[in-house]
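Student: Just so you know, we're using numbering that gives the first Met the number 0 here: the sequence shown kicks off at 0 and counts up by one.
Even for Gly, the Cβ is constructed at its ideal location relative to N, Cα and C.
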Amino acid sequence: MTIPFNKPYLTGKETEYITQAYAHLSGDGVFTKRCHLWLETQTQAHKVLLTHSCTAALEMAALLLDIQQGDEVIMPAYTFVSTANAFVLRGAVPVFIDIRPDTLNMDENQIIAAITPKTKAIVPVHYAGVACEMDAILAIAKTYNLAVIEDAAQGFLSKYKGRALGSLGDLGAYSFHETKNIIAGEAGALLVNNPKFAANAEVIREKGTNRSQFFRGEVDKYTWQQVGSSFLPNDLTAAFLYAQLEQSSLITTQRMSIWQRYHRKFFPLEEAGYLKRPVIPEECEHNAHIYYLVLKDAQARHELLAYLKQRGIQAAFHYIPLHTSPAGMRYGRVSGELDNTERLAECMLRLPLWVGLTREMQSEVVQAIETFFE
Ligand SMILES: *Cc1c(COP(=O)(O)O)cnc(C)c1O
Numbered sequence: 000m001t002i003p004f005n006k007p008y009l010t011g012k013e014t015e016y017i018t019q020a021y022a023h024l025s026g027d028g029v030f031t032k033r034c035h036l037w038l039e040t041q042t043q044a045h046k047v048l049l050t051h052s053c054t055a056a057l058e059m060a061a062l063l064l065d066i067q068q069g070d071e072v073i074m075p076a077y078t079f080v081s082t083a084n085a086f087v088l089r090g091a092v093p094v095f096i097d098i099r100p101d102t103l104n105m106d107e108n109q110i111i112a113a114i115t116p117k118t119k120a121i122v123p124v125h126y127a128g129v130a131c132e133m134d135a136i137l138a139i140a141k142t143y144n145l146a147v148i149e150d151a152a153q154g155f156l157s158k159y160k161g162r163a164l165g166s167l168g169d170l171g172a173y174s175f176h177e178t179k180n181i182i183a184g185e186a187g188a189l190l191v192n193n194p195k196f197a198a199n200a201e202v203i204r205e206k207g208t209n210r211s212q213f214f215r216g217e218v219d220k221y222t223w224q225q226v227g228s229s230f231l232p233n234d235l236t237a238a239f240l241y242a243q244l245e246q247s248s249l250i251t252t253q254r255m256s257i258w259q260r261y262h263r264k265f266f267p268l269e270e271a272g273y274l275k276r277p278v279i280p281e282e283c284e285h286n287a288h289i290y291y292l293v294l295k296d297a298q299a300r301h302e303l304l305a306y307l308k309q310r311g312i313q314a315a316f317h318y319i320p321l322h323t324s325p326a327g328m329r330y331g332r333v334s335g336e337l338d339n340t341e342r343l344a345e346c347m348l349r350l351p352l353w354v355g356l357t358r359e360m361q362s363e364v365v366q367a368i369e370t371f372f373e
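#1: Can you tell me whether D377 is helix, strand or coil according to DSSP?
#2: With a threshold of 7 Å (Cβ to nearest heavy atom), would G207 be considered close to ligand 1?
#3: If you measure from the CB of V398, is any heavy atom of ligand 1 nearer than 7 Å?
#4: Determine the closest residue to E369 out of Y318, D150, R263, R329, with distance taken between C-alpha atoms.
#5: Taking the beta carbon of S229 as the centre, do at least 16 other beta carbons fall within 10 Å, making it buried, or is it exposed?
#6: Taking the Cβ atom as the reference point for each residue, do A60 and A85 lie within a distance shorter than 8 Å?
#7: Suppose you measure from the CA of Y318 to the CA of Y77; what does that come to, to the nearest Å?
#8: Going by the CB atoms, is the gap between G171 and L156 shorter than 8 Å?
#9: Could you spell out where the alpha helix (DSSP H) holding T31 opens and where it closes?
#10: Can you tell me the Cα-Cα spacing of E107 and L348, whole angstroms?
#11: If we count the other Cβ atoms within 10 Å of its Cβ and call it buried at 16 or more, is S25 buried or exposed?
#12: Give the residues whose C-beta lies closer than 6 Å to at least one heavy atom of ligand 1, in chain order.
#13: Is D101 closer than 8 Å to V124 when the C-beta atoms are compared?
#14: Give the DSSP-derived three-state secondary structure of L49 in the structure shown.
#15: Quick one: is F175 buried, meaning 16 or more other Cβ sit within 10 Å of its Cβ, or exposed?
#16: Here's a check: name, in chain order, each residue in its chain whose Cβ is nearer than 7 Å to the Cβ of D97, leaving out the five neighbours to either side.
#17: Quick check on F175: does DSSP put it in helix, strand or coil?
#18: Measuring CB atoms only, is the region 139-146 touching the region 206-221, in the sense that at least three cross pairs come out at less than 8 Å?
#19: Give the single residue among R329, C53, L63 whose Cα lies nearest to the Cα of A152.
#20: Can you tell me whether K12 is helix, strand or coil according to DSSP?
#21: Write down every uninterrupted run of the alpha helix (DSSP H) in the region 199-267 whose length is 4 residues or greater and which is fully enclosed by it, in chain order.
#22: Classify W258 as buried or exposed, calling it buried when 16 or more other Cβ atoms lie within 10 Å of its own Cβ.
#23: From this set, P325, Q67, A299, T357, which residue's C-alpha is nearest F371's C-alpha?
#24: For A55 versus G187, is the C-beta spacing smaller than 8 Å?
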């Protein structure tokens with residue numbers, strides 16, 4: 000038997016909704032509007048716009064901030080490429096800082112040292128759906144007059160001090176990619192929290208035109224207003240997503256129970272000093288996106304990964320730190336030492352976690368890891 004690392008969960012309603020969407024296939028149809036309303040209610044964001052990916056939402060954010068050649072954007076090196084790419088596309092320099100060893104999130108204490116007169120924004124990434132220290136980050140942004148763009152790709156339905164991730168910065172980005180908790184294949188959303196970006200966000204998403212206003216009957220023709228692109232998904236994608244949104248709390252509950260069980264089971268191994276479990280700070284309510292273990296060193300991670308593979312268990316490491324990648328070296332720069340990033344990226348291992356992972360399968364994963372350390 001093979002235990003896959005991830006398996007997309009279907010609610011059963013997706014095809015029905017997609018069939019209903021046939022009447023209007025392109026973007027901003029009935030289901031897109033339903034998703035917008037659902038997401039705005041859920042997150043309390045000023046405005047939510049579906050996009051065809053989180054990458055697209057981040058690219059919209061860079062356009063909205065009017066990022067120019069040579070501007071700097073502070074972000075963790077431990078993240079997905081899109082966090083940096085979105086800004087590099089506009090000619091900006093990603094400035095990579097270290098992560099905290101407890102949450103693997105951007106170390107808020109490294110931000111101020113990375114700020115220069117060229118800095119335009121801070122991009123916190125909520126790793127594993129566990130919030131960055133947002134109070135500190137927002138306070139620094141305010142003092143230095145910087146924008147905050149949350150890469151909340153993994154943070155849908157997570158909270159920080161009771162508030163939805165993605166709704167705390169000026170702008171936030173969600174992903175509904177197949178590998179995330181709530182999915183629609185390739186899809187995402189931009190959360191516009193600072194109202195000053197709302198009107199422009201609509202224009203940028205619709206090829207730089209005021210087409211959204213035209214459809215609402217606010218103007219009698221639509222024209223090219225400014226630079227933009229096509230960032231909206233078709234309504235079939237939105238129909239699929241809506242089925243998922245309706246069941247999203249059930250999905251989260253089921254993922255959480257798997258997450259909690261791993262967490263209980265690995266307590267003894269942590270006590271014995273073999274590994275570290277994820278840390279969830281008091282003010283964070285997470286969404287059980289990832290369960291990971293931090294091993295003693297790269298060698299231990301390599302051996303455990305191979306051992307699990309032999310037993311048909313697919314575990315996975317995660318990001319190759321961006322400052323060590325060819326494009327990261329070409330386009331970005333580093334601020335401070337990135338010791339935690341380099342060590343933790345080498346030592347961490349993600350375990351299978353998906354709705355439908357049975358108790359038996361999970362026990363097999365746990366037992367294999369226990370046996371490995373015996
Ligand atoms: C998944 C992910 C993205 C990209 O999401 P897409 O919807 O695939 O574009 C960006 N940032 C982080 C942190 C992610 O985990």
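Tutor: Looking at the coordinates:
#1: Examination of residue 377 is not possible in this model, given that the chain is present from 0 through 373 alone.
#2: It does not: the Cβ of G207 is nowhere closer than 7 Å to a heavy atom of ligand 1.
#3: One cannot answer for residue 398 here, as it falls past the ends of the chain, which runs 0 to 373.
#4: Nearest of Y318, D150, R263, R329 to E369, Cα basis: R263.
#5: Around the beta carbon of S229, fewer than 16 other beta carbons sit within 10 angstroms, so the residue counts as exposed.
#6: A contact, by the Cβ cut-off of 8 Å.
#7: Distance between the alpha carbons of Y318 and Y77 is about 6 Å.
#8: Not closer than 8 Å, so no.
#9: Start and end: 29-42.
#10: Their Cα atoms are separated by approximately 24 Å.
#11: By the Cβ-count criterion, S25 is exposed, with fewer than 16 other Cβ atoms from all chains shown falling within 10 Å of its own Cβ.
#12: One residue list follows from the rule of a beta carbon closer than 6 Å to any heavy atom of ligand 1, given in chain order as S52, C53, T54, T78, F79, S81, T82, V124, D150, A152, Q153, S174, H176, G187.
#13: No, they are not a contact pair.
#14: If DSSP states are grouped into helix, strand and coil, L49 belongs with the strands.
#15: By the neighbour-count criterion, in which a residue is buried when 16 or more other Cβ atoms sit within 10 angstroms of its Cβ, F175 is buried.
#16: Once the five neighbours on either side are set aside, the close Cβ partners of D97 are D106, Q109, G335, E336, L337, D338, N339, T340.
#17: In this structure, F175 counts as coil in the three-state DSSP scheme.
#18: With a cut-off of 8 Å, the region 206-221 and the region 139-146 do not count as touching, because too few Cβ pairs lie within range.
#19: Closest by alpha carbon: C53.
#20: For K12, the secondary structure class from DSSP, reduced to helix, strand or coil, is coil.
#21: For the alpha helix (DSSP H) assignment, the uninterrupted runs of no fewer than 4 residues enclosed by the region 199-267 are, from N- to C-terminal side, 210-214, 234-245, 247-264.
#22: So W258 counts as buried.
#23: The option with the nearest alpha carbon to F371 is A299.
#24: Closer than 8 Å, so yes.
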